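Following: one structure in structure tokens, then a few remarks.
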Amino acid sequence: MLSIAETQKLWQPLAHRLVIPRDEASYQQLVEWLDQLIDEVGEDEQHPLASLMDILGILIENYENEHIPELQG
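Under full-length UniProt numbering, the residue at position 1 of the sequence shown is numbered 1, and the numbers go up by one with no gaps.
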């Protein structure tokens, strides 16, 4: 387990990008980031960034469920 100091050091470079989207702009940033990751990772579930893709997918899906009702049909 990482110490708080180690976690803080590793988190800082990502903190401004890995956010819960609260508006269209932050949602679009996550979608673009996920698209880039999909291009890199593809279907490789063993890729080091595969779990990041999962997290982004959940954040995006939650935003869409709350803010884009036409996608729920």
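Built from N, CA and C at the ideal position, the CB exists for glycine as well.
Computed from a predicted model, the values in this text were never measured in an experiment.
Comparing the C-beta of residue i with each C-beta of chain C, is any distance below 8 Å?
i          : result
residue 12 : The structure shown contains no chain C; it is built from a single protein chain.
Roughly how many angstroms lie between the CA atoms of residue i and residue j, to the nearest whole one?
i          : j          : result
residue 66 : residue 18 : 19 Å
residue 63 : residue 22 : 8 Å
residue 35 : residue 7  : 26 Å
task = Would you be able to state if there are at least three C-beta pairs under 8 Å between the segment 31-42 and the segment 50-67?
result = yes
Minimum length 3: unbroken beta strand (DSSP E) runs contained in the segment 9-55 = none
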